[in-house]
Amino acid sequence: MAARAIQIGEAGEHLAAAVTAHRQRRGWDQRHLAERVTAAGRPMSTSVLGKVESGARRVDVDDLVALAAALDVPPSQLLPGDDTAVSDPFEDASAPGMVRARVLDDIAALGDLEALDPTAPTLAAIAVRLATEVDAPASLGTSLHSLSKELRQVLADLRSLSPEEPDDDDDLDDLATPE
58 MAARAIQIGE
68 AGEHLAAAVT
78 AHRQRRGWDQ
88 RHLAERVTAA
98 GRPMSTSVLG
108 KVESGARRVD
118 VDDLVALAAA
128 LDVPPSQLLP
138 GDDTAVSDPF
148 EDASAPGMVR
158 ARVLDDIAAL
168 GDLEALDPTA
178 PTLAAIAVRL
188 ATEVDAPASL
198 GTSLHSLSKE
208 LRQVLADLRS
218 LSPEEPDDDD
228 DLDDLATPE
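Numbering follows this note's numbering, with no gaps: position 24 of the sequence shown is 81.
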């Protein structure tokens, strides 16, 4: 008689959704997270991670701990009963990915980067990379201070490319428009 596979229950489904949500919030693809899980001491391929996220593969305790370490969250955030597991990162300024989200908003506010300067898209890409690193500095072995200092400089360089508003010295807040 062949053994029947044990179905994944509600806790496993919750974990699959939580892992996916945390990974996507950080802007990581499955390959990147699988590499981080492997670096955390639990070898995991991209295809295995895909099965975990789809709920097609059960996760044991060692997998859970490595996934949590790779995502820089406590294991409890991947389990049911922790309301922060799939919360909206914009509701909590300390949520993972918050710096990256704010940098993306700032870049979007600049408008057409190509029109500003040919180097603007490259600066924007550097800013997004640095913001992603600021969101998870401990795993990179880089100091938060040096990352944030470099990010501030890149953002200042980007802002300096933006055309300045014309100087309005009539003190009437544009109410007096010449006809």
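Just so you know, even glycine gets a beta-carbon here, dropped at the ideal spot from N, CA and C.
- According to the DSSP assignment, proline 178 belongs to the alpha helix (DSSP H) that extends over 177 to 192.
- Contact between arginine 157 and aspartate 119 does not hold, since the beta-carbon distance rounds to 29 Å and is not under 8 Å.
- By the criterion of a C-beta distance shorter than 8 Å, glutamine 87 is surrounded in its chain by Arg80, Thr103, Leu106, Gly107 and Glu110, once the five residues flanking it on both sides are discounted.
- The DSSP-derived three-state label of alanine 113 is coil.
- About 7 Å separates the beta carbon of arginine 83 from that of threonine 189, a gap short enough to meet the 8 Å contact definition.
- Between alanine 123 and glycine 98, the CB-CB gap stays under 8 Å.
- Secondary structure of proline 131 (DSSP, three-state): coil.
- Nearest in C-alpha terms to alanine 127, of all of Ser205, Ala96, Leu218 and Gly112, is Ala96.
- Threonine 179 and leucine 204 have their alpha carbons spaced roughly 17 Å apart.
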